[in-house]
Each structure stands twice: as structure tokens, then as C-alpha cells.
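Quick notes on the structure that follows.
Number of protein chains: 2
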Amino acid sequence: MASPDVTAPDLDLDRQMAFLVEADRLKSVVRATKLADASRHENSAEHSWHLTLYALTLADQAGPDVSIDRVIRMLILHDLVEIDAGDTPIFAQQPNTQDADERVAADRIFGLLPAPQAVAFRALWDEFEAAETPDAVFAKSLDRFQPPTLNLANGGGSWTDYAVTEDRVRSRVGPLIERGAPTLWAWLSPRIAAFFGR
Amino acid sequence: MASPDVTAPDLDLDRQMAFLVEADRLKSVVRATKLADASRHENSAEHSWHLTLYALTLADQAGPDVSIDRVIRMLILHDLVEIDAGDTPIFAQQPNTQDADERVAADRIFGLLPAPQAVAFRALWDEFEAAETPDAVFAKSLDRFQPPTLNLANGGGSWTDYAVTEDRVRSRVGPLIERGAPTLWAWLSPRIAAFFGR
Chain C
0 MASPDVTAPD
10 LDLDRQMAFL
20 VEADRLKSVV
30 RATKLADASR
40 HENSAEHSWH
50 LTLYALTLAD
60 QAGPDVSIDR
70 VIRMLILHDL
80 VEIDAGDTPI
90 FAQQPNTQDA
100 DERVAADRIF
110 GLLPAPQAVA
120 FRALWDEFEA
130 AETPDAVFAK
140 SLDRFQPPTL
150 NLANGGGSWT
160 DYAVTEDRVR
170 SRVGPLIERG
180 APTLWAWLSP
190 RIAAFFGR
Chain V
0 MASPDVTAPD
10 LDLDRQMAFL
20 VEADRLKSVV
30 RATKLADASR
40 HENSAEHSWH
50 LTLYALTLAD
60 QAGPDVSIDR
70 VIRMLILHDL
80 VEIDAGDTPI
90 FAQQPNTQDA
100 DERVAADRIF
110 GLLPAPQAVA
120 FRALWDEFEA
130 AETPDAVFAK
140 SLDRFQPPTL
150 NLANGGGSWT
160 DYAVTEDRVR
170 SRVGPLIERG
180 APTLWAWLSP
190 RIAAFFGR
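Shown next, in the form of C-alpha cells:
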């Protein structure tokens, strides 16, 4: 292949690189969840990586109409809006403006990309948020499943910090996990019960 | 679907969960590269996420025989061995035992999984390390390309910390980037020259 002429700027590549450097800021968005060793809070970039590993490892929990590779693509992108909108802890009061804030963030952040790619990434994020397609339902299950597994490993984590009851944990994470990955909920549910001392 | 009997343990799922919790330790492996805003060093988990985003965003830089989804799977797994073997900065002296240490780490870490999955993940990691297939060549290019883009954003980063010359930067990252993604090297090369003041 011929060497590109570096004096002719590749505007699409420049936009892609601006997006990738801006995305680096996700590493500074701190979540309520702590690492498994409780040493510090998790950030949204490493959380996103961990979720892609959950998807790859637990692929056999997905229904036959789920594409794990599309699930992984969704999970890579799913938290980028937090660069502008911040992370909203699941046990905190949800601000009324959260959905609107995240849509504005998606407009700006995906809008850094060349137009066709901005549209494609935005569509994947919208699909995840809507949680209606089989891929999105499974991706959402994993997003709800991973934090409790860290809380169990580190002795309470965000459950302790937010002083939540077992009922509240179950109502906030149970339905979405069970909808997309019933066996994962069956695995998790007795462990939540044991943690809360039943 | 019938509710699984929680009194009958799912041994495969238990092993997968042990692997996923162990993988959390990658978030504590600190790299030589700093974040784009220079606020701290990057860890290998968030680096892995960032690389998957590079693969998704720069997919049009891959040749027609590259499967981006396989590249992404490789990148999700590629640094897990560092949990045991540590990260070896590219500008530091490479220990003679590095390859052996990483293979021992791969045996242990992938060995936490049920056997068929351990074999599949290990094969993907071996393929990445060998850097011979089109997917692995492209994945390796991205792994070499991302750190310089952070160094350029944060004003020097590991180049400054290791007091490396421009020639050493070029020889350590250029060939592998150019092999798998020549246009990315054409984009990066004049920017390295500008940084080093040519």
C-alpha cells in the first residue's frame, strides 16, 4: 500500500483521534462501587473493561438470539456519556435531569466523530439505553450484575456506604439481571441473602 | 425457563466467577503511561478498555482480512497475565524471564476457568502474543499506538520519565504500528517529530 501523503491531512482520522483522547476522561469518572480488594473506588473506564470480560466469559448465559460481539461493542461505549453527565450511583437519588443530561452528553461526545460513525455509535448507545433488543437486555443484565459481585468480594462496598437494605438491593438489581440472565440472578440471589444475614 | 435449583451448585459458573473477581486485580497494575491529562498513571484495566475503543473507532484502518470483533476479544484479554507478571514498560530493561513469567501467569489465570474456556482464552492470548495472524498484527499495532497518543496529549509522559530519544521511540513503536496500521504510523510519525523538536 502506498504511503499516505502526510501533508494531506486525514480529517476523519483527526476527528477519530480527538474522540479517543477525549474518551480518556472516562478513566477519571469515579463510581460508587469499590474494587474487589476494597482498596479504592472503581472508575467507569475500568468498569467498562471488566464488563466486556464478563460478557466474554459469561456468553453462555445469553439467549441464542444474542450476539456477544454486539453486546461487547455496547459495553465498550455504554458509559462514555458519564464524561459529561457523571456517574449516578444506583442507590443515590436519581436526578430528574439524568436522561436529558446523558442525551446532551451523547450528542457532544459521539459528535466528535466523523458523521457516519457518530450515527452508528449513537445508535448502539441508544439501543443499550432502551434495553429492548436481546443484545441490550443482556448487556443491561451484566451492567447490573457486576457491581454486586464486587460488593460481595469486598465485604459490602456501596451497599454499606449507602446503608441500603436487602430489599432495596433486590429491587434495584434483581429484575434487570433476571430478565437478561436468569441463571446469574439464581447464582447471585442466595449470596445477597447470605450477606444480609438471612 | 425453570428456575435453577440453587442447592445444586453450578461448578462452571463458580469457576467463571472466581476468574472474573481475580481479573479485577488488573485495575491495580500500574503502567508507565500517564492519562491524557497527566493526572496519574494509567492502569492496565482501563488501558485495555481504551484499546477496545481504539479498535472499534479505527476499524477502517484494519485490512479486509481482519475481524475487529476478534481483535476486540484479544484486547480484552491481552494484559491479564500482568496480574502475576506485572507490566514491563516498553522503555525499561526487559527482564530475561518476562516471556516465561507471562506464560506461567497465563497458565494460572486462564486455568481458573472451566477447561474448554481456559483453552479458548489461552489460544486467543497465544495468538496475540505470537503477532502473526492479521487479527493479532492489528491488535499489536493498536497496543503500540495508544501510549504515544497519550504521551502527545499529556506533554511527554513516559518519554520524559524514561528520558528516551526520538530514535528510541521510533525503533520501539514504529515497526509494529506500521506493520498492522500504516496510516496510523503516517499520522503519528510527524507528531513524534514535532514533539522532539525537529
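Same order as they appear, the protein sequences are chains C and V.
Quick note: the first sequence, position 47, residue 46 per numbering that gives the first Met the number 0, numbers continuous.
Quick note: the second sequence, position 62, residue 61 per numbering that gives the first Met the number 0, numbers continuous.
We put the beta carbon where it would ideally sit given N, CA and C, even for glycine.
Alpha-carbon to alpha-carbon, residue j and residue i
i	j	result
L10/C	F109/C	16 Å
L79/V	D100/C	35 Å
A84/V	L57/C	25 Å
H40/V	R69/C	30 Å
Q97/C	N42/V	29 Å
H46/V	E45/C	8 Å
Q145/V	E21/V	26 Å
T6/C	D23/V	Because T6/C sits at a pLDDT of 48, beneath the cut-off of 50, its placement in the model cannot be relied upon, and the point is left open.
A31/V	G196/C	43 Å
S170/C	L50/C	21 Å
V163/C	F90/C	7 Å
N95/V	A114/C	47 Å
K139/V	M73/V	10 Å
A37/C	P189/C	22 Å
E126/C	H77/C	10 Å
E165/V	Q92/V	17 Å
R167/V	L175/V	14 Å
L12/C	P63/V	18 Å
P147/C	P147/V	36 Å
N153/V	E177/C	43 Å
P88/C	L141/C	16 Å
H55/C	A185/C	Looking at the sequence provided, one finds Leu at residue 55/C rather than His. One C-alpha to the other measures close to 20 Å.
R107/V	R107/C	43 Å
Beta-carbon proximity of residue i to residue j, cut-off 8 Å
i	j	result
L149/C	F194/C	no
I71/C	I71/V	yes
I82/V	V28/V	yes
G179/C	K33/C	no
A35/C	L111/C	no
Q60/C	L183/C	yes
V103/C	R143/C	no
L19/C	Y161/V	no
A122/C	A129/C	no
W124/C	W48/V	no
Where residue i sits in the DSSP three-state scheme
i	result
R30/V	strand
H46/C	helix
M0/V	Legend: pLDDT at M0/V = 43, less than 50; position of this residue unreliable, no value from coordinates given.
E131/C	coil
R39/V	coil
I89/V	coil
V163/V	coil
G156/C	helix
W184/V	helix
Any non-hydrogen atom of the ligand COA within 7 Å of residue i CB
i	result
A35/V	With respect to small molecules bound, the structure shown includes none, and the ligand COA cannot be examined in it.
Candidates the options: closest to residue i by CA position
i	options	result
F120/V	D134/V, T132/V, E131/V and A105/V	A105/V
F137/V	P181/V, D160/V and A117/V	P181/V
T159/C	A54/C, A135/C and I191/C	I191/C
L25/C	G154/C, D86/C and N153/C	D86/C
Q208/V	Q92/V, A117/V and D64/V	No statement about residue 208/V is possible, as the shown extent of chain V runs from 0 to 197 and does not include it.
V65/V	A122/V, P88/V, E128/V and T132/V	T132/V
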